[in-house]
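2 protein chains.
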Amino acid sequence: MTRFPRSHPRYRSLVIRARLADALRTGLVVPEGLIAHGRAEAFDYLLGERTSASASKAIQAAARWLVVARFPVISVNGNVAALAGPEIAELVRALPTLSVEVNLFHRTPGRAARVAARLRAAGVSQVLGLHPTVRVPGLPSDRGLVDRRGIARADVVLVPLEDGDRTQALRRIGKRVIAIDLNPLSRTSVAADIPVVDELGRALGRLAREVRAERRRPQRRSYPAFDGAAARADALATINRRLATALDRRGSRAAPAPPRTRPARRRR
Amino acid sequence: MTRFPRSHPRYRSLVIRARLADALRTGLVVPEGLIAHGRAEAFDYLLGERTSASASKAIQAAARWLVVARFPVISVNGNVAALAGPEIAELVRALPTLSVEVNLFHRTPGRAARVAARLRAAGVSQVLGLHPTVRVPGLPSDRGLVDRRGIARADVVLVPLEDGDRTQALRRIGKRVIAIDLNPLSRTSVAADIPVVDELGRALGRLAREVRAERRRPQRRSYPAFDGAAARADALATINRRLATALDRRGSRAAPAPPRTRPARRRR
Numbered sequence: 026m027t028r029f030p031r032s033h034p035r036y037r038s039l040v041i042r043a044r045l046a047d048a049l050r051t052g053l054v055v056p057e058g059l060i061a062h063g064r065a066e067a068f069d070y071l072l073g074e075r076t077s078a079s080a081s082k083a084i085q086a087a088a089r090w091l092v093v094a095r096f097p098v099i100s101v102n103g104n105v106a107a108l109a110g111p112e113i114a115e116l117v118r119a120l121p122t123l124s125v126e127v128n129l130f131h132r133t134p135g136r137a138a139r140v141a142a143r144l145r146a147a148g149v150s151q152v153l154g155l156h157p158t159v160r161v162p163g164l165p166s167d168r169g170l171v172d173r174r175g176i177a178r179a180d181v182v183l184v185p186l187e188d189g190d191r192t193q194a195l196r197r198i199g200k201r202v203i204a205i206d207l208n209p210l211s212r213t214s215v216a217a218d219i220p221v222v223d224e225l226g227r228a229l230g231r232l233a234r235e236v237r238a239e240r241r242r243p244q245r246r247s248y249p250a251f252d253g254a255a256a257r258a259d260a261l262a263t264i265n266r267r268l269a270t271a272l273d274r275r276g277s278r279a280a281p282a283p284p285r286t287r288p289a290r291r292r293r
Numbered sequence: 026m027t028r029f030p031r032s033h034p035r036y037r038s039l040v041i042r043a044r045l046a047d048a049l050r051t052g053l054v055v056p057e058g059l060i061a062h063g064r065a066e067a068f069d070y071l072l073g074e075r076t077s078a079s080a081s082k083a084i085q086a087a088a089r090w091l092v093v094a095r096f097p098v099i100s101v102n103g104n105v106a107a108l109a110g111p112e113i114a115e116l117v118r119a120l121p122t123l124s125v126e127v128n129l130f131h132r133t134p135g136r137a138a139r140v141a142a143r144l145r146a147a148g149v150s151q152v153l154g155l156h157p158t159v160r161v162p163g164l165p166s167d168r169g170l171v172d173r174r175g176i177a178r179a180d181v182v183l184v185p186l187e188d189g190d191r192t193q194a195l196r197r198i199g200k201r202v203i204a205i206d207l208n209p210l211s212r213t214s215v216a217a218d219i220p221v222v223d224e225l226g227r228a229l230g231r232l233a234r235e236v237r238a239e240r241r242r243p244q245r246r247s248y249p250a251f252d253g254a255a256a257r258a259d260a261l262a263t264i265n266r267r268l269a270t271a272l273d274r275r276g277s278r279a280a281p282a283p284p285r286t287r288p289a290r291r292r293r
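Heads up: the sequence lines are chains A and B, in that order.
Residue numbering for the first sequence follows our numbering, starting at 26 and increasing by one per position.
Residue numbering for the second sequence follows our numbering, starting at 26 and increasing by one per position.
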């Protein structure tokens with residue numbers, strides 16, 4: 026693993042990236058997963074790398090839905106396992122009814138087993154989705170396969186970092202969908218009932234705390250309403266505000282031109 | 026290589042990603058390069074996946090600088106070689122004074138050789154940077170090494186997809202720097218004299234055409250001024266405008282809730 030100077034302004038990002046690169050070498054993550062991580066990084070950077078007030082409200086609503094649900098399931102892909110194994114284990118401890126299902130966009134039996142092994146190592150005792158047999162209509166090839174004990178019978182599905190096609194398909198078959206996705210314009214964020222526009226690790230950590238708090242409150246019997254469009258609009262407004270500030274701040278702070286060592290001498 | 030349904034709304038992106046994933050398998054690209062590509066993708070998406078009027082002006086200025094320069098050099102890393110080999114060859118045909126130098130953030134002799142091989146296969150006859158011996162001050166480890174026949178003596182350096190530290194170091198030693206970088210807030214964009222905020226392949230293709238046009242004009246002897254801060258501000262304004270539009274359009278178009286198959290029955 027390449028070493029980075031601690032003085033590098035993006036040291037933390039570089040280390041997380043190197044971790045994903047290692048997960049790639051062991052076959053937990055696919056190359057396309059690294060590209061997806063880069064997209065998420067860009068949005069997190071634009072959002073200020075913190076959980077917004079609006080994301081915080083979405084996480085609170087998500088916690089309520091998960092506690093109300095009869096069969097809540099979290100869908101886990103390679104990136105999610107590589108980045109947030111311990112946070113998923115903590116969420117299951119906070120909500121023992123939550124099932125964990127491996128769901129891979131690029132599925133091979135070996136990768137599914139590696140994702141499950143990573144989850145078990147992080148403390149998740151039961152992992153579904155290793156032998157999915159139920160087909161979700163509208164999804165080509167094996168991307169439509171889900172576990173009959175998991176997503177197939179779920180009432181609420183939590184999809185962190187999910188593909189838009191799959192999120193839409195889950196909605197079409199009547200699932201309540203909570204997404205965690207940093208892009209407020211993605212098809213996943215648009216299709217989800219509750220789009221949590223936040224970074225995976227931050228969101229899952231906060232979600233586990235909210236679930237514990239919710240379980241201590243008088244119990245609800247129905248799903249409180251959530252305005253997903255407003256949540257996404259708020260995330261877009263946050264980005265807009267930050268860009269406007271950056272524009273003010275950095276636009277005027279371009280480095281002054283250094284002395285030129287070599288004037289152009291060609292074609293005099 | 027995974028096959029994608031042509032009906033997928035992001036089919037083209039998926040194919041480009043798969044190409045980079047293949048470049049990873051052959052060792053041309055490093056995992057961190059895929060993450061960087063993802064970040065660039067996000068910004069291109071926000072910019073509308075087209076060359077803006079402002080980027081077009083930056084490319085025109087870049088063409089003028091390259092034609093005025095005595096020793097112009099383009100610095101090439103693994104991603105650049107994987108994504109734009111033919112475009113670089115075309116740029117060298119348009120401007121035979123342009124030297125091509127391999128410059129890797131994650132350097133090994135094997136990778137440098139693979140990048141050079143890819144460039145030669147694309148039609149670049151001379152590739153520098155395989156045995157760099159001159160050190161650029163302020164850059165730790167072998168990241169500071171450049172070719173004495175290339176960047177070390179260059180007056181204008183074109184850095185597509187460059188690390189911020191290195192761009193700043195080139196400026197400190199008095200090089201005129203043209204960057205191609207989709208993030209208008211990156212340290213590379215801020216440090217560059219001419220930040221071209223555009224996608225690599227589009228920008229290089231257009232740059233070659235502008236260089237040919239410039240060489241047909243009466244020849245200049247000095248570098249025309251360029252306002253990099255204004256160019257970056259314009260890119261930020263483009264993103265802001267597009268987000269505002271997206272907000273109007275998609276905010277109100279969230280999918281209507283489908284019928285629910287399973288009402289919550291738990292804890293009645």
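The beta-carbon is built from N, C-alpha and C at its ideal position, and this holds for glycine as well.
- Item | Rounded Cβ spacing between Thr76 (chain A) and Asp223 (chain A) (contact assumed at less than 8 Å) | Taking the first sequence and counting its residues from 1, the one referred to as residue 76 (chain A) is at position 51. Taking the first sequence and counting its residues from 1, the one referred to as residue 223 (chain A) is at position 198. About 5 Å separates the two Cβ atoms, so the contact holds.
- Query: Under a three-way DSSP split, which group does Ala280 (chain B) fall into?
  - Reply: Within the second sequence, numbered from 1, the residue matching residue 280 (chain B) stands at position 255. Residue confidence is low: Ala280 (chain B) scores 42 on pLDDT, short of 50, so the model does not pin down where it sits. Its coordinate-derived value is still stated next. Secondary structure of Ala280 (chain B) (DSSP, three-state): coil.
- Within the chosen definition, does the stretch 199-218 of chain A reach the stretch 50-62 of chain A through at least 3 CB pairs nearer than 8 Å? Because the criterion of three Cβ pairs below 8 Å is not met, the stretch 199-218 of chain A and the stretch 50-62 of chain A do not touch.
- Which whole-angstrom value describes the C-beta separation of Val202 (chain B) and Val182 (chain B), a residue pair presumed to lie in contact below a C-beta threshold of 8 Å? On the second sequence, residue 202 (chain B) is found 177 positions in, with the first residue counted as 1. On the second sequence, residue 182 (chain B) is found 157 positions in, with the first residue counted as 1. Between Val182 (chain B) and Val202 (chain B) the Cβ distance is about 6 Å, and since that is below 8 Å, they are a contact.
- Straight-line Cα distance separating Ala262 (chain B) from Ala238 (chain A): Within the first sequence, numbered from 1, the residue matching residue 238 (chain A) stands at position 213. Within the second sequence, numbered from 1, the residue matching residue 262 (chain B) stands at position 237. Their Cα atoms are separated by approximately 42 Å.
- Message: Tell me which residue opens and which closes the alpha helix (DSSP H) that Glu57 (chain A) is part of.
- Response: On the first sequence, residue 57 (chain A) is found 32 positions in, with the first residue counted as 1. Under the DSSP assignment, Glu57 (chain A) falls in the alpha helix (DSSP H) whose first and last residues are 56-72.
- Item | Span of the alpha helix (DSSP H) around Arg246 (chain B) | One-based indexing of the second sequence puts residue 246 (chain B) at position 221. Neither: Arg246 (chain B) is in no alpha helix (DSSP H) and is coded neither H nor E.
- So is Ala67 (chain A) in contact with chain B if we call contact Cβ pairs under 7 Å? As a working mapping, residue 67 (chain A) is identified with position 42 in the first sequence. Chain B, which has a Cβ nearer than 7 Å to the Cβ of Ala67 (chain A), makes this yes.
- For my contact list, Gly63 (chain B) and Arg64 (chain A) are in at a C-beta cut-off of 8 Å; report their separation, rounded to the angstrom. Along the second sequence, read from residue 1 onward, the residue named residue 63 (chain B) stands at position 38. Along the first sequence, read from residue 1 onward, the residue named residue 64 (chain A) stands at position 39. Indeed they touch by this definition, with Cβ atoms about 4 Å apart.
- Listed by chain order, chain A residues near Gly63 (chain B) by CB distance under 8 Å: As a working mapping, residue 63 (chain B) is identified with position 38 in the second sequence. Correct list: Leu59, Ile60, Ala61, His62, Gly63, Arg64, Ala65, Glu66, Ala67.
- Can you pull the chain A residues whose beta carbon is under 8 Å from the beta carbon of Pro243 (chain B), in chain order? Numbered from 1 along the second sequence, position 218 holds the residue referred to as residue 243 (chain B). Residues of chain A passing the Cβ test: none, with the nearest at roughly 11 Å.
- Query: Out of B:Arg174, B:Ser211, B:Asp252, which has the shortest C-alpha to C-alpha gap to Thr192 (chain B)?
  - Reply: On the second sequence, residue 192 (chain B) is found 167 positions in, with the first residue counted as 1. Sorting B:Arg174, B:Ser211, B:Asp252 by C-alpha distance to the C-alpha of Thr192 (chain B) places B:Ser211 at the top.
- Starting from the C-beta of Ala141 (chain B), find all residues in its chain whose C-beta is less than 7 Å away, skip the five residues before and the five after it, and write them out in chain order. Taking the second sequence and counting its residues from 1, the one referred to as residue 141 (chain B) is at position 116. Cβ neighbours of Ala141 (chain B) beyond the five flanking positions: Val127, Val152, Leu155.
- Query: Near Arg174 (chain B), which residues of its chain fall below 8 Å by C-beta distance, leaving aside the five closest residues on each side in sequence?
  - Reply: Counted from its first residue, the second sequence places residue 174 (chain B) at position 149. Only Ser124, Leu153 meet the Cβ criterion.
- Message: Which same chain residues end up closer than 7 Å to Ala78 (chain A) when comparing Cβ atoms and leaving out the 5 residues on each side of it in sequence?
- Response: Taking the first residue of the first sequence as position 1, residue 78 (chain A) is located at position 53. For Ala78 (chain A), same chain residues with a beta-carbon under 7 Å away, outside a window of 5 residues either side, do not exist.
- Item | Three-state secondary structure (DSSP) of Arg160 (chain B) | For the purposes of this step, residue 160 (chain B) is taken as residue 135 along the second sequence, with counting starting at 1. The answer is strand: DSSP assigns Arg160 (chain B) an E or B state.
- Mind pulling the chain A residues with CB within less than 8 Å of Leu129 (chain B)? What you label residue 129 (chain B) is simply residue 104 of the second sequence in a count that begins at 1. The contact set of Leu129 (chain B) on chain A, defined by CB atoms closer than 8 Å, is empty, because the minimum CB distance reaches about 11 Å.
- Message: Strictly below 9 Å CB to CB, what residues from chain B border Ala137 (chain A)?
- Response: Taking the first residue of the first sequence as position 1, residue 137 (chain A) is located at position 112. What Ala137 (chain A) touches in chain B: nothing, since even the nearest Cβ is about 15 Å away.
- At least 3 beta-carbon pairs within less than 8 Å: the stretch 240-255 of chain B vs the stretch 86-100 of chain B: Taking a cut-off of 8 Å on C-beta distances, the stretch 240-255 of chain B touches the stretch 86-100 of chain B, as three or more cross pairs fall below it.
- Message: Bridge partners for Leu183 (chain A) per DSSP, in chain order?
- Response: Counting from 1 along the first sequence, the entry for residue 183 (chain A) is found at position 158. The partner list for Leu183 (chain A) (beta bridge, DSSP) reads A:Ile99, A:Ile203.
- Item | Exposure of Tyr36 (chain B), with buried meaning 16 or more beta-carbon neighbours within 10 Å | Along the second sequence, read from residue 1 onward, the residue named residue 36 (chain B) stands at position 11. Answer is exposed; the Cβ neighbour count stays below 16.
- Task: Helix, strand or coil for Pro111 (chain B), going by three-state DSSP, please let me know.
- Result: In the second sequence, counting from the first residue as 1, residue 111 (chain B) sits at position 86. Collapsing the DSSP output to three states places Pro111 (chain B) in a helix.
- Using the C-alpha atoms, what's the distance from Val149 (chain A) back to Val98 (chain A)? Taking the first residue of the first sequence as 1, we reach residue 98 (chain A) at position 73. Taking the first residue of the first sequence as 1, we reach residue 149 (chain A) at position 124. Cα to Cα, the separation comes out at about 13 Å.
- Measuring only between beta-carbons, confirm whether Leu225 (chain B) sits less than 7 Å from chain A. Residue numbering aside, residue 225 (chain B) sits at position 200 when the second sequence is read from its first letter. So, not an interface residue.
- Message: If we define contact as Cβ-Cβ less than 7 Å, is Arg160 (chain A) a contact residue for chain B?
- Response: Against the first sequence, residue 160 (chain A) aligns to sequence position 135. Taking Cβ atoms only, chain B never reaches closer than 7 Å to Arg160 (chain A), which makes this a no.
- Answer yes or no: do Glu235 (chain B) and Ile84 (chain B) have a C-beta to C-beta separation smaller than 7 Å? As a working mapping, residue 235 (chain B) is identified with position 210 in the second sequence. As a working mapping, residue 84 (chain B) is identified with position 59 in the second sequence. In this structure, Glu235 (chain B) places its C-beta atom within 7 Å of the C-beta atom of Ile84 (chain B).
- Message: Let me check one thing: in DSSP terms, what residues is Val221 (chain A) bridge-paired to?
- Response: What you label residue 221 (chain A) is simply residue 196 of the first sequence in a count that begins at 1. Beta-bridge analysis with DSSP links Val221 (chain A) to A:Ile205.
- Amino acids of chain A, ordered along the chain, whose beta-carbon sits closer than 8 Å to that of Pro165 (chain B): The sequence position of residue 165 (chain B) within the second sequence is 140, counting from 1. Under the 8 Å cutoff, chain A gives Pro30.
- Neighbour list for Asn102 (chain A) in chain B, Cβ cutoff strictly below 7 Å: For this step, residue 102 (chain A) is matched to residue 77 along the first sequence. For Asn102 (chain A), there are no neighbours in chain B by C-beta distance under 7 Å, as the nearest C-beta there is about 14 Å away.
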